[in-house]
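Asker: Chains A and B, in that order, are what the protein sequence lines are.
Take any residue in the first sequence, note its place counting from 1, add 1139, and you have its number in the working numbering.
Take any residue in the second sequence, note its place counting from 1, add 32, and you have its number in the working numbering.
Cβ coordinates follow ideal geometry from the N, Cα and C atoms, glycine included.
Given the structure is predicted, the values throughout are model-derived calculations rather than measurements.
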Amino acid sequence: MVRNLLLAVLVVAVVGTGYWGYREHSEKNAILIHAENNYQRAFHDLAYQIDLLHDKLGATLAMNSHASLSPALAEVWKIAAEAHSDVGQLPLSLLPFNKTQEFLSQIGEFSYRTAVRDLEEEPLTKEEYKTLQALYKNAGTIRQELRNVQHLVLENNLRWMDVELALATNDEKGDNIIIDGFKAVEKNVDTFSSSSEFGPSFIGLANEEKGFVRAQGRPITKNEAKRIARDFLGLKGTEEIKVTESGKGADDRFYSLTIRDPKTKGDIYMDITKNGGYPIWALNSRPIGKPKISLHEATNRGMAFLKRHQFTGFELYDSTQYDNVVVLTFVKSENGIRIYPEAVQMKVALDNGRIVGFTARDYLSSSIPRPLPKPKLTVEAVKKKVNPQLKVMEQRQAVIMNDLQKPVLCYEFLGTLGDETYQLFINASTGLEEKVEKLESVEPNYG
Amino acid sequence: MVRKLIVFTLIGVLVCLHPAGDAAAFSPQVIQRGAVGDDVIELQARLQYLGFYKGKIDGVFGWGTYWALRNFQQKYGLPVDGLAGAETKRKLVKASKYYEQFVKEQIRQGNEFTHYGGIPLSQQVKKRGSEGRTAKTTASNVPKGFSQNDIQLMANAVYGEARGEPYIGQVAVAAVILNRLQHPSFPDTVAGVIFQPGAFTAVADGQIWLTPNETARKAVLDAINGWDPSGGAIYYFNPATATSAWIWSRPQIKRIGQHIFCK
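1. Taking C-beta pairs closer than 7 Å, name the residues in chain B that E1582/A reaches, listed in chain order.
2. So, helix, strand or coil for L46/B, using DSSP?
3. For K286/B, decide whether its Cβ has a neighbour in chain A, counting only Cβ atoms nearer than 8 Å.
4. In chain order, what residues of the same chain lie with their CB nearer than 8 Å to the CB of S217/B, ignoring the 5 residues before and after it?
5. Of the residues that make up the stretch 1444-1461 of chain A, which ones have a beta carbon closer than 8 Å to any beta carbon in chain B?
6. Flag A1438/A as yes if its beta-carbon sits less than 8 Å from any beta-carbon of chain B, otherwise no.
7. Which residues in chain B have a C-beta closer than 8 Å to the C-beta of K1515/A? List them in chain order.
8. Quick one: list the residues of chain A neighbouring K295/B, beta-carbon separation under 8 Å, in chain order.
9. Exposed or buried, R249/B, counting other C-beta atoms within 10 Å across all chains shown (16 or more means buried)?
10. Among all the DSSP beta bridges, which residues are the ones paired with E1587/A?
11. Please classify Y191/B: does DSSP put it in a helix, a strand, or coil?
12. What does the Cβ neighbour count give for D1225/A, buried or exposed, with the cut at 16 atoms within 10 Å?
13. Does the stretch 1368-1379 of chain A touch the stretch 1387-1403 of chain A, meaning 3 or more C-beta pairs lie closer than 8 Å?
14. Considering only the beta carbon of each residue, do V1302/A and I1281/A sit closer than 8 Å?
15. With 16 other CB atoms within 10 Å as the buried threshold, where does W278/B fall?
16. Identify, in the order they occur along the chain, each residue of the same chain with its Cβ nearer than 6 Å to the Cβ of G1496/A, setting aside the five sequence neighbours on each side.
17. With burial defined as no fewer than 16 other Cβ atoms inside 10 Å of the residue's Cβ, what is the status of L242/B: buried or exposed?
18. Considering only heavy atoms of the ligand ZN, does any lie closer than 7 Å to the CB of T1270/A?
19. Quick one, are the C-beta atoms of K1574/A and I1539/A less than 8 Å apart?
20. What does the alpha-carbon distance come out to for the pair V1531/A and F104/B?
21. Check whether the Cβ atoms of Y108/B and K123/B sit closer than 8 Å, and answer yes or no.
22. Report the residue from T1239/A, A1201/A, L1271/A whose alpha carbon sits nearest the alpha carbon of L1285/A.
23. Quick one: what's D1410/A bridged to in DSSP?
24. Distance check for E1519/A and G1356/A, CA to CA, integer angstroms please.
25. Tell me which residue opens and which closes the alpha helix (DSSP H) that M1442/A is part of.
26. Does the beta-carbon of H1173/A have 16 or more other beta-carbons within 10 angstroms, so that it is buried, or is it exposed?
27. Among the residues of its own chain, which have a CB less than 6 Å from the CB of G289/B, if the five just before and after it don't count?
28. Have a look at T1468/A and R1493/A and give me their C-alpha separation to the nearest angstrom.
29. Applying the criterion that 16 or more other CB atoms from any shown protein chain within 10 Å of the CB defines a buried residue, is P152/B buried or exposed?
30. Which residues bound the alpha helix (DSSP H) around P1210/A?
31. For a contact defined as C-beta to C-beta under 9 Å, what are the partners of S1330/A on chain B?
32. Cutting at 7 Å between CB atoms, please list the residues of its own chain near D1184/A, excluding the five before and the five after it.
33. Quick check on the burial criterion: 16 or more other C-beta atoms within 10 angstroms. Buried or exposed for Y1161/A?
34. With DSSP as the reference, label D260/B as helix, strand or coil.
35. Bridge partners of R1477/A, per DSSP?
36. Along chain B, in chain order, which residues have C-beta atoms closer than 9 Å to that of Y1408/A?
Right, here's the structure in full:
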């Protein structure tokens, strides 16, 4: 009797556990399938977009009328952006696939720039046609390879989850068809993107890193770096300073300093260029107490700090308070012309008014030729081009970097339309509207 | 006892009758665009009382407040500099009223309200918030192009990835996220970069959903405001745990704490 009862309990327990295990298993499976499907969608979508990209690029080659070329190029731009976003959703970040990503992004930029241009007035140049042809050819190669991978995936029921696993465990031996396929694509892109068949109009689009052009001078030693830091940060001299040199991958060599004052909490960090010993940035991580001084006072102190360290001719562009610190942006100003790319930012603590952050990265890497050009158009002529709805409140001359990353002299207008404030830049020699931005830095709190 | 009560009542009545808004209300600071706090609330309320300011009274000195202040300065024959200094504040206080209690109460409750002169206050409130709220402000400054939620998401990622790192290492991780936004090889949005499959281990193992601390948030703000301790890096890895041979082949810029930052 007792035995039977025990047996019954055991049977129930076994069946119960089995059922629970089965449910756990199927739940886990459902989640895995869900994740797998997301990857599959991104992958097949990518194959399709590249297909389409190839076709559309081919179509633009045959087009002759500007009326149809502009929309076609705009479509190429859109397709390239979607393909770019698809790649971002695949677990490829451990796999070198960045050249292909970059290639897609560059196709997008190239087609965008040509699409928005008035092709009636400024038709595609011979060079640009050559670029288009090269893009078409190479998109064809990628398409072939991706279609092949896609075929293998479908035929063999390959799973992206396995790709993720193989990449995560860095499984060198197990040959994964998908990984091999993508590696082949990447290798191809790598070869043709380093060749010159795209021409200068395409190569120029790649993110060129300029480095610290302004940091000229003889290389300094570690001890000199310490001295510069002491002077720049107003240190007492009792602090412990650790200096390390940048790695080989840095465009410009620099020193990184960690400054520890045994008396205060929080370290100060600073980078100084090796050539000439210019401070790149500094940041103090000490805790900051209750605000005691005003934003205006902090601005004055920031200004005085700049003057003290030979940053002359700067004016305040923006000031923002975040709790107990303020962030100030100063820009170079020459004869009333603001040079926006030459900016330095500063952080001032509101508890004692000391500078707790400084960065001159933009200023040091800016290379705007001097003397500045003279405007060809008058401000009155340019003002007529401003949207009549906009009420202009302030105007001045300014230098900005345009879409093509070239410095341009503009007339800057600050104006209001409804409740919003806008900043407009109109080219002072061509009258082109280079940049229009809505200035908004206040956000309502949610919840 | 009764006399005391009468005195108190009298004082009470006097206080109520006293025109709200003394010169003593503003603190002595010069208020400048970008400021936040009680002085800004008063400035906005007074400018609205006179009809110069039509935006929300939220305690953040934005562009709307700036133009309103300049218009006021022009109308009242003051130097037009967009700064609320002593003279500007004196004239403003003389010309307007400020019902501080009313304004503060509405802000605390999160109601929609205005503070125009000549209209009964009771007609200027639209109840929206709840009684129990204790909010001190209804808006904050945010860096251009980023919302508070973007900052929060980035703070989550930074906290999950680098909470054991020195402060500067956290700023550097945030800077890498931002450098990726600009880089053609990576997605173009904050969420796209953070949730790119396999990009961050903290996302893969769910540590991103830990509640970030204030340090992580500050690190993100510093990175967004232009500080890049990574030296323009788009990758970083922990040499003790990195398994990928490829990541070692990237040109290394510098090491901060446990992380090596590279291109």
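Answerer: Looking at the coordinates:
1. A171, S172, V174, S179, Q180
2. For L46/B, the predicted model reports a pLDDT of 42, less than 50, meaning its position is unreliable; a value from the coordinates is still stated below. Helix.
3. yes
4. I266
5. Taken in chain order, the members of the stretch 1444-1461 of chain A whose beta-carbon sits within less than 8 Å of a beta-carbon on chain B are D1457, S1458, T1459, Q1460, Y1461.
6. The amino acid occupying residue 1438/A in the given sequence is Thr; Ala does not appear at that position. At least one chain B Cβ lies under 8 Å of T1438/A.
7. Simply none; closest approach about 31 Å.
8. For K295/B, the chain A residues whose C-beta falls within less than 8 Å of its own C-beta are G1388, listed in chain order.
9. Burial check for R249/B: the Cβ neighbour count within 10 Å reaches 16 or more, so the residue is buried.
10. Lying outside 1140 to 1586, the shown extent of chain A, residue 1587/A is not represented and no answer is given.
11. helix
12. buried
13. yes
14. No, Cβ-Cβ distance for V1302/A and I1281/A is not below 8 Å.
15. Result: exposed.
16. L1422, K1486
17. Answer is exposed; the Cβ neighbour count stays below 16.
18. For the structure depicted, the ligand ZN is absent and the ligand set is empty, with no information on it obtainable.
19. Cβ distance < 8 Å, so K1574/A and I1539/A count as in contact.
20. 17 Å
21. It is a contact, given that the beta carbons lie within the stated cut-off.
22. When only C-alpha atoms are compared, the closest one is T1239/A.
23. S1395/A, W1420/A
24. 44 Å
25. 1434-1447
26. That one is exposed.
27. E197, P198, G201
28. 16 Å
29. exposed
30. 1205-1227
31. Sequence inspection shows Thr at residue 1330/A; the Ser mentioned does not correspond to that position. Within 9 Å Cβ-Cβ: nothing; T1330/A doesn't reach chain B, min ~17 Å.
32. D1225
33. exposed
34. The three-state reading of DSSP puts D260/B in coil, since its state is none of H, G, I, E or B.
35. S1472/A, A1537/A
36. P198, Y199, I200, V203, P261, I288
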